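Asks:
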Ligand code: B12
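Residue numbers (mature numbering (1 follows the signal peptide of the UniProt record, and there is no 0)): -26 to -1, 1 to 127.
1) At what residues does the alpha helix (DSSP H) containing residue 25 begin and finish?
2) Taking the Cβ atom as the reference point for each residue, do residue 91 and residue 15 lie within a distance shorter than 9 Å?
3) Where does the unbroken beta strand (DSSP E) through residue 55 begin, and where does it stop?
4) For the putative contact between residue 99 and residue 33, defined by C-beta atoms under 8 Å, what is the C-beta separation to the nearest angstrom?
5) Out of 24, 115 and 19, state which residue places its alpha-carbon closest to the alpha-carbon of residue 73.
6) Going by Cα to Cα distance, which pick from 11, 27 and 10 is closest to residue 3?
7) Compute every distance between the C-beta of residue 96 and the non-hydrogen atoms of ligand 1, then say whether any falls below 8 Å.
8) Quick check on DSSP: helix, strand or coil for residue 118?
9) Give the straight-line distance between the Cα atoms of residue 18 and residue 29, rounded to the nearest whole angstrom.
10) How should residue 196 be labelled, buried or exposed, when 16 other C-beta atoms within 10 angstroms of its C-beta is the threshold for buried?
11) Could you check what DSSP says for residue 90 in three-state terms: helix, strand or coil?
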């Protein structure tokens, strides 16, 4: 009997609290839709665009794997760096080559059109909803490798 009278007010209070929470404080755990754009900076070709998603706070590599499993037009390979994790080696059969100083650069276009160059790779980057992840096949410049031991780029 005692238990019953304690429970009802506690539940009511919890329900009331939920109702009173401002929308800004309720979290959205939905998957985030993103696009993956594959671009070769040496060719005039139209970039390829794919739609996929990341799970809540999921990493880009997860979305790439999901896309590769569901769409035969998107393939990639990566190697495992002992310090920095997954390094994107090839996309759709085209691989970066040290001798030619080519690599797949990771860029991100935000919904407002601004382009950023993440300072982490595909295994650490956590995309936000509606970002366009751009894999840009390009060549690195001397300034990117000269300050090897000290600088960031
Ligand atoms: C040179 C360099 C590059 C060159 C490497 C070319 C080459 N073959 O020499 C190029 C331009 C290709 C490059 C690319 C990228 N890089 Co870089 N790179 C460096 C730099 C300046 C020096 C690395 C080096 O030569 N070390 C000395 C050698 C002897 O050691 P090493 O272990 O053999 O070095 C290898 C690894 O560092 C690897 N590598 C280089 N960059 C990256 C990035 C990732 C994510 C991985 C897994 C491996 C990796 O390539 C090196 C040569 O084989 C470092 C910063 C620094 N000062 O250390 C950043 C650094 C390692 N790069 C970084 C990043 C973020 C990237 C990119 C993701 C940038 C982008 N947005 O596109 C891409 C990788 C994209 C991909 N395909 O996965 C970050 C990594 C941070 C992190 N925790 O993930 C660093 C620390 C710079 C930073 N922003 O702080 N990079």
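Using N, Cα and C, we set each Cβ at its ideal position, and we do this for glycine too.
Quick caveat, the model's predicted, so the values are computed rather than measured.
Replies: Well, looking at it:
1) No alpha helix (DSSP H) contains residue 25, which is instead part of the beta strand (DSSP E) from 22 to 28.
2) no
3) 50 to 55
4) 7 Å
5) 115
6) 27
7) yes
8) helix
9) 33 Å
10) The requested residue 196 is not part of the displayed model; the chain covers only -26 to 127.
11) strand
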